[in-house]
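The structure appears below as C-alpha cells.
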Amino acid sequence: MKWINFLDINSASFPQKIAVIDQRTNRSYTYSDLSDISNGWAVYLERSGIKKGDRIAILASNRFEHLSLMFAAARLGAILIPLNFRLSVGEINSILKRVQVKILFSEGILVHQFTGKYVDFNCFDITKINELSMQHVDLSLRFEATAAELEDDILMQFTSGSTGEPKGVLMHGKMLRTNQIETCNHWKLTSDDITMVETPFFHTGGYNVLCLPLLYLGGTVILAEKFDIQNVLQTISGNRVSVYFGVPTMFQMMATNENFDSYDLSSIRFFVSGGAACPVDLIERYQEKNLPFKQGFGLTEVGPNCFLLGAKDSLRKVGSIGRPMSHSKVQVKNSSGELVEVGETGELMISGDHLCRGYFNASDKFQDACDGKYFKTGDLVQFDDEGFFFVVGRIKDMYISGGENVYPGEVEKQLLTIDGIEDAVVVSKESSKWGEVGHAYLQIGRDVETDFSVEGIREKLFDKLSRYKLPQSVQCLSEFPLLANGKINRAQLKEMANRN
Numbered sequence: 004m005k006w007i008n009f010l011d012i013n014s015a016s017f018p019q020k021i022a023v024i025d026q027r028t029n030r031s032y033t034y035s036d037l038s039d040i041s042n043g044w045a046v047y048l049e050r051s052g053i054k055k056g057d058r059i060a061i062l063a064s065n066r067f068e069h070l071s072l073m074f075a076a077a078r079l080g081a082i083l084i085p086l087n088f089r090l091s092v093g094e095i096n097s098i099l100k101r102v103q104v105k106i107l108f109s110e111g112i113l114v115h116q117f118t119g120k121y122v123d124f125n126c127f128d129i130t131k132i133n134e135l136s137m138q139h140v141d142l143s144l145r146f147e148a149t150a151a152e153l154e155d156d157i158l159m160q161f162t163s164g165s166t167g168e169p170k171g172v173l174m175h176g177k178m179l180r181t182n183q184i185e186t187c188n189h190w191k192l193t194s195d196d197i198t199m200v201e202t203p204f205f206h207t208g209g210y211n212v213l214c215l216p217l218l219y220l221g222g223t224v225i226l227a228e229k230f231d232i233q234n235v236l237q238t239i240s241g242n243r244v245s246v247y248f249g250v251p252t253m254f255q256m257m258a259t260n261e262n263f264d265s266y267d268l269s270s271i272r273f274f275v276s277g278g279a280a281c282p283v284d285l286i287e288r289y290q291e292k293n294l295p296f297k298q299g300f301g302l303t304e305v306g307p308n309c310f311l312l313g314a315k316d317s318l319r320k321v322g323s324i325g326r327p328m329s330h331s332k333v334q335v336k337n338s339s340g341e342l343v344e345v346g347e348t349g350e351l352m353i354s355g356d357h358l359c360r361g362y363f364n365a366s367d368k369f370q371d372a373c374d375g376k377y378f379k380t381g382d383l384v385q386f387d388d389e390g391f392f393f394v395v396g397r398i399k400d401m402y403i404s405g406g407e408n409v410y411p412g413e414v415e416k417q418l419l420t421i422d423g424i425e426d427a428v429v430v431s432k433e434s435s436k437w438g439e440v441g442h443a444y445l446q447i448g449r450d451v452e453t454d455f456s457v458e459g460i461r462e463k464l465f466d467k468l469s470r471y472k473l474p475q476s477v478q479c480l481s482e483f484p485l486l487a488n489g490k491i492n493r494a495q496l497k498e499m500a501n502r503n
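Each residue of the sequence shown is one higher than the last, beginning at 4 in the numbering used here.
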C-alpha cells in the first residue's frame, strides 16, 4: 500500500476543496492543486536524478513547498529532510554532508550562504522555481512503481541535540499513517476542520500534530511563516479556525494580549497544548471563554500524539499529560528494569506502529535507546490509579539532595499552581552540605504583587512537597534561554545557577 494514496483519493473525491492556504503568498491550493503540483515536483526531481532512497532537504520557514516537496519525494520513494533554519551555516552543512543530501531547496538569502561553497550537492532557490518549470509535465502520472510503501522511509527529522549531536529520525509510512488515523479518531477531527500551523516543519509538531492528520481527512491547513499573536487571533477569527496547536508560551502570550477578549474565537472546537506543562491560571483563562483546552505528549521518535488529556480533566488532573492513546503501548520501568506500580517513578517507554525506523547511520545509538521493541523516552513519569500519567522530570535532569532523588518536573508542577507564576524551571545547584539542592527560575505575570522570595515560595510549597524537594534559592527572569528548537535551555540555566 502506498502512503501517498490518501492524497490522490482526496483529489479525486473533492478536487476543488481548499487543502492549504499559504499566508506568505496569500494563495489557496485545492486538493487537486496539491496532488498535481506535487506530481510536477516529482517529475522535476526525477529529471534531476533523484531516485528511491535519495535524500533531499528543504531549508525554509513554513511555506507550501514543505508539503508539495514532501508528497513529491514520497511519489519517488525519496526522503525529505526539513532543516532547522535557526542553526548556523556550519551546523547545517555538517548535517547535509552527514546524510548525503542530493539537493537542497532553500529560500532567498539562505541560498547564497551555500551556493559555490559546498559542491557535494545542488542548491536551488525555492522562490525562483515555480509552476513554469512544470508547464510541460504530464500531471496524470502517479509514479505507482516508485511511490513509497508504508514500510519505506518518507521523512527525516532531527532531534534537538540537547544531549549531543542531533540524530536523524527516520519516519516511515506506517508511522505517519498511524499518527494520522489515530489522531483523527481520538481527537474526533472532521473534514470540516480548519487549522493554522506556525510550528516549524523541522519539528515533528509541524507536520504531525494536526497538518498531516487533517490533510488525510480532507480538512484545511493554513500555513503561517511564524508565530505572531495578532495574526493568530485575526486568522482564527477571520478564517474560522476550529482546531489549533501551540506550546504554553504561545497560549500565554495570546491570553495576555490586550486584544484577546475583542476577537471572536467561537469557531474553536479545541486548543491543543504540548511541549511543557500548563499553569492552572492559563487553563482557567481559556475555559472562562468557553475555549476547550486539551493537552498532549509525544516526541520525535514516536510522534507527537501519544498521550491525550481531555479538556474536562485539565483542571482535575493538573500537570498530567493524560492517558496513552490506543495506538501507544506503554511501559514504565525503574532503574532495575522492573515495572513500577501506581505512584512510583520510572522511565516511560513507548512502542507501537508509530515507532520510527531508527536513527540515520546510527543504529547502535537507536538500539541503546530501546528496550526490546520499546523506545526509552528518557522521561521519568508516575501514573495514578485512573491511568493518568505525570512527567516528573528527565533522567538526565534528576539530582540527589542529601541522598534523596529529586525530580525537577515534580517541583515545577507545584510551582505552576502558585498564582502569578507563568513558567518555572528547576535545576540542580552544588551544595557543600547536601551535595545538590534545587534552584528555581520563575517567569512572573505582569502586575503581580506576590512574594516570590525563596522564603515565600518554600512556605507556599511546604504542604505539597517534602522538605528536601523545596528550592533552596529562587530567581525571576523575564525570559528563559532557548535551544534552536524552541525548548528551554536547561543546561544554560544550570550553568548560570552554579556560576552565581
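All C-beta atoms in this analysis are idealised placements derived from N, C-alpha and C, irrespective of residue type, glycine included.
The stretch 392 to 406 makes no contact with the stretch 364 to 373; the number of CB pairs closer than 8 Å stays below 3. Residue environment analysis places G111 among the exposed positions, since fewer than 16 neighbouring C-beta atoms fall within 10 angstroms of its C-beta. If the five residues before and after F204 are omitted, its C-beta is found closer than 7 Å to the C-beta atoms of N65, H69, P85 and Y210, all from its own chain and listed in chain order.
Within the same chain, Cβ atoms closer than 7 Å to the Cβ of R180 are found at W6 and L153, the five residues on either side in sequence being excluded.
About 37 Å separates the CB atoms of T223 and A427; that is not less than 8 Å, and the two are not in contact.
DSSP, read as helix, strand or coil, puts D422 in coil. Under the three-state reduction of DSSP output, S476 falls in the strand class.
Straight through space, the alpha carbons of Y32 and C214 are spaced by roughly 14 Å. Looking only at T303, E304 and G322, the smallest Cα-Cα distance to L311 is reached by G322.
Taking C-beta atoms as the reference points, T198 and G448 fail to come closer than 9 Å.
Note that the C-beta distance between D25 and F67 is below 9 Å.
Cβ neighbours of I82 within its own chain (closer than 8 Å, five residues either side excluded): G56, D57, R58, I59, A76, D156, I157, L158, M159 and L173. In the structure shown, L268 adopts coil according to DSSP, grouped into three states.
By a beta-carbon distance limit of 8 Å, V275 contacts F248. Their separation comes to about 5 Å. CA-to-CA, the gap between S163 and S354 works out to about 21 Å. Taking 9 Å as the cut-off, the Cβ atoms of D196 and S265 do not count as close.
Q19 is classed as exposed because its beta carbon has fewer than 16 other beta carbons within 10 Å across all chains shown. By the Cβ rule, the stretch 336 to 345 does not count as touching the stretch 407 to 422, because fewer than three pairs are nearer than 8 Å.
In the three-state DSSP reduction, K229 falls in the coil class, being neither helix nor strand. With fewer than 16 neighbouring CB atoms inside 10 Å of its own CB, N293 falls in the exposed class. A15 sits exposed, since fewer than 16 C-beta atoms from the chains shown fall within 10 Å of its C-beta.
Take L418, set aside five residues on each side of it, and the residues of its chain with a beta-carbon closer than 6 Å to its own are I424 and A427, in chain order. When P282, I286 and N262 are compared, the shortest CA-CA separation from F273 is found for I286. Collapsing the DSSP output to three states places K399 in a helix. Per the coordinates, the alpha-carbon of I53 lies some 8 Å from the alpha-carbon of L79.
In this structure I225 is buried. Its beta-carbon is surrounded by 16 or more other beta-carbon atoms within 10 angstroms. About 14 Å separates the beta carbons of V283 and T453, which is beyond the 8 Å limit, so they are not a contact pair. Within the same chain, F378 and K379 come within 7 Å of A372 by CB-CB distance, once the 5 residues on both sides are set aside.
Around the beta-carbon of K131, fewer than 16 other beta-carbon atoms lie within 10 Å, marking it exposed.
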